[in-house]
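In this note's numbering, each number is its position in the sequence shown, counted from 1, plus 4. Written out below as structure tokens is the structure these notes cover.
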Amino acid sequence: MMRTSSETGKPPVSASLGSRIRAARRDAGMSQGQLAQALNTTQSAISLYEAGQRSVGIDMLLNVARILNRPLHYFLGEEGEMLYVKDSEIAQLIQELERHPEDLPELLQYWNFLRWRRMSANGSGRH
């Protein structure tokens with residue numbers, strides 16, 4: 005059972021940060037020991053970070069982000085937090101893509117066409 009902050013009713017920052025470190029480490033196919041070695045720390049320290057039982061300093065977090073190839077905001081954002089403006093056109097697009105993921109390949113193809121057309125119009129598109 006995850007602890008919650010008495011003021012907000014949300015899990016403490018260290019718990020959500022720890023779960024994001026764990027998820028990113030697993031996505032990278034690394035064990036706790038491998039990550040610890042890359043960070044020049046111990047497997048026990050990684051375990052405590054992931055469990056939310058040990059605070060992660062900013063220098064350590066920057067190294068974690070670099071090694072696991074994730075942007076820093078991935079680790080700092082709240083659960084379900086949007087990294088775009090709510091109710092914006094991009095938010096609407098993302099919601100539509102979540103409902104119809106089969107549209108993504110065609111959308112990406114069109115987006116690449118628009119980029120090519122813009123580069124060609126600017127004279128920087130060399131073929």
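Glycine residues also receive a C-beta, built at the ideal position from the N, C-alpha and C atoms.
Kindly indicate which three-state DSSP category residue i falls into: helix, strand or coil?
i: Met64; result: helix
i: Ser135; result: Nothing can be reported for residue 135: it is not among the residues displayed for the chain, which extend from 5 to 131.
i: Leu52; result: helix
Looking at C-alpha atoms only, which residue of the options is the closest neighbour of residue i?
i: Asn44; options: Pro109, Arg119, Ala28, Asn67; result: Asn67
i: Gly56; options: Ser18, Pro105, His104; result: Ser18
i: Met133; options: Gly33, Leu21, Met34, His104; result: The structure shown does not extend to residue 133, since the chain is modelled only from 5 through 131, so no value can be given for it.
i: Asn73; options: Trp120, Met34, Ala49, Arg119; result: Met34
Could you compute how far the alpha carbon of residue i sits from the alpha carbon of residue j?
i: Ala125; j: Glu93; result: 25 Å
i: Ser51; j: Leu97; result: 38 Å
i: Gln113; j: Glu106; result: 13 Å
i: Glu100; j: Asn116; result: 19 Å
i: Glu54; j: Glu102; result: 29 Å
i: Arg122; j: Ala32; result: 35 Å
i: Gly127; j: Pro75; result: 33 Å
i: Pro109; j: Ile62; result: 38 Å
Apart from the five residues on each side of it in sequence, which residues of its chain come closer than 6 Å, Cβ to Cβ, to residue i?
i: Ala42; result: Ile71
Could you pull out every residue in the same chain whose Cβ sits closer than 8 Å to the Cβ of residue i, ignoring the five residues on either side in sequence?
i: Tyr78; result: Arg24, Ala28, Ala69
i: Ser59; result: Ser18
i: Arg26; result: Glu54
Ordered along the chain, which non-local residues of its own chain (more than five positions away) have a Cβ less than 7 Å from that of residue i?
i: Gln47; result: Gln36, Gly37, Ala40
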